[in-house]
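A.B. asks: In my numbering, the protein residues as written are 1459 to 1688.
Yeah, the Cβ is synthetic: ideal placement off N, Cα and C, and Gly gets one too.
Dropping a structure here in structure tokens format, bear with me for questions.
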């Protein structure tokens, strides 16, 4: 007669606890936690200040740098945004999702912006259970130079405006002063002068004749009195 060995309670408790933990893990794990796409090793350490890519079709804000990454060959394809993680020397880690992919979802594009030039240290993308062929940095684009400050632009514009306004204002003011110094126009009477034309001249002429007659009479009386005395 054989006897079965009883399972100890501590052992049974450990088995139940392990099963519970495993079920919780599969219940709460992220959608793409099963796999990660890695950036090509040769592109780690890329310095954007050395890039000379053709970016004629890209619109990059002034003072910023665009890093365009492409993830190829996803199998099966993913037709929703994929989380990307991009580590830079100065900017630190930037979390940017893919913003464009083809209908089959096997190629995704990531557009990452940094302020000024930086050095790329690493990049990964969460692809879950999918396989991939390549995760690469496609190209780097620089925005235009930062626009001048208001103070600098004003300092440059003031001398230019003065240089243009002075030559234009001097001849104009000289011409005006020359005309101001010319004689008074015809028909006008200067201050202190009496006009001899029109009705205003008659009283003046009459007064002059009366004054002249009075002086003549006075002179005649003086002459006559002198003769009598002599």
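Between the Cα of residue 1561 and those of 1498, 1555, 1532 and 1587, spot the shortest distance and give me the residue it belongs to.
C.D. replies: 1532
A.B. asks: Quick one: Cα of residue 1522 to Cα of residue 1576, how far?
C.D. replies: 10 Å
A.B. asks: If you run the structure through DSSP and keep just helix, strand and coil, what is residue 1674?
C.D. replies: Shown here, residue 1674 sits in a helix according to DSSP, grouped into three states.
A.B. asks: Less than 7 Å separating the beta-carbons of residue 1535 and residue 1515?
C.D. replies: no
A.B. asks: Output the boundary residues of the beta strand (DSSP E) element that contains residue 1692.
C.D. replies: Limits of the chain in this structure are 1459 at one end and 1688 at the other, which puts residue 1692 out of reach.
A.B. asks: Any idea what DSSP makes of residue 1682, helix, strand or coil?
C.D. replies: helix
A.B. asks: Which residues mark the beginning and the end of the beta strand (DSSP E) in which residue 1596 is found?
C.D. replies: 1592-1600
A.B. asks: Give the straight-line distance between the Cα atoms of residue 1673 and residue 1679, rounded to the nearest whole angstrom.
C.D. replies: 10 Å
A.B. asks: Quick one: using the 10 Å Cβ neighbour count with 16 as the cut-off for buried, is residue 1524 buried or exposed?
C.D. replies: Classification for residue 1524: buried.
A.B. asks: Closest to residue 1544 by CA distance: which of 1501, 1508, 1519 and 1512 is it?
C.D. replies: The candidate whose alpha carbon is nearest that of residue 1544 is 1501.
A.B. asks: Which partner residues does residue 1528 have in the DSSP bridge list?
C.D. replies: 1567 and 1594
A.B. asks: Express the C-alpha separation of residue 1472 and residue 1565 in angstroms, rounding to a whole number.
C.D. replies: 45 Å
A.B. asks: Give me, in chain order, the residues of the same chain whose beta-carbon lies closer than 7 Å to that of residue 1603; leave out the 5 immediate sequence neighbours on both sides.
C.D. replies: 1520
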